[in-house]
Every structure is written in C-alpha cells, then in structure tokens.
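Written out below as structure tokens is the structure these notes cover.
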Amino acid sequence: MNDERDRRRVEQDRADRQVIEQAAAELRSGAIRAGYAGVEHKHVAFARTLVLDELARHVRDLRPEVRAQAVCGARMLLGETMPP
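Mapping of the sequence shown onto the numbering used here: residues 853 to 936, in sequence order.
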C-alpha cells in the first residue's frame, strides 16, 4: 500500500516538475527571441523563468497551495486548460 502511494507521489512530483520546467523553457525562449528583436524589459521574462526554475527544482517541498498555483500558472503559460 505504501509502495503504491510512494510511486504515485513520485509520478505526480515528476509530472508537476515537468510542466513547470516546460513553462520556464517556453518563457525563456520567448525572452531570447525578444532580446534578438531588441525588445526592452526582457529581463522581466528572464526573472520569471528563474522563479519557475526554482519552483520546479523544489516542487516536492512546496506547500500544497503554492504547488497547485505554480502548476496552474505554468499550464496557463503553456496555453493549457485545467481539467474540470
């Protein structure tokens, strides 16, 4: 029973970390493109990617409400909708 619960938790940790990392990668890519285009304030997007990187790195230790908001925000950045 505990093994199954542990396995599910590891899988959920991995899934949440991946979606946050993917959002950070998309945001970072956009900031790089903006830099080449000469857009001002691209540093804001880079700062956000750093925050997402840290959230992904520590996803297992986040409080549940912080983790849920991080995943939800990452999904929004990726243009995904949350399941009902």
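We treat Cβ as the ideally placed atom computed from N, Cα and C, and that holds for glycine.
(1) Report buried or exposed for I872, applying the criterion of at least 16 other Cβ atoms within 10 angstroms of its Cβ.
(2) Less than 8 Å between the C-beta atoms of A877 and F898, yes or no?
(3) Roughly how many angstroms separate the alpha carbons of Y888 and S881, rounded to a whole number?
(4) Cα-Cα, which of R869, R860, L879 is closest to G931?
(5) May I have the straight-line CA-CA distance separating R859 from D905, to the nearest angstrom?
With the structure as the only source:
(1) buried
(2) no
(3) 11 Å
(4) L879
(5) 24 Å
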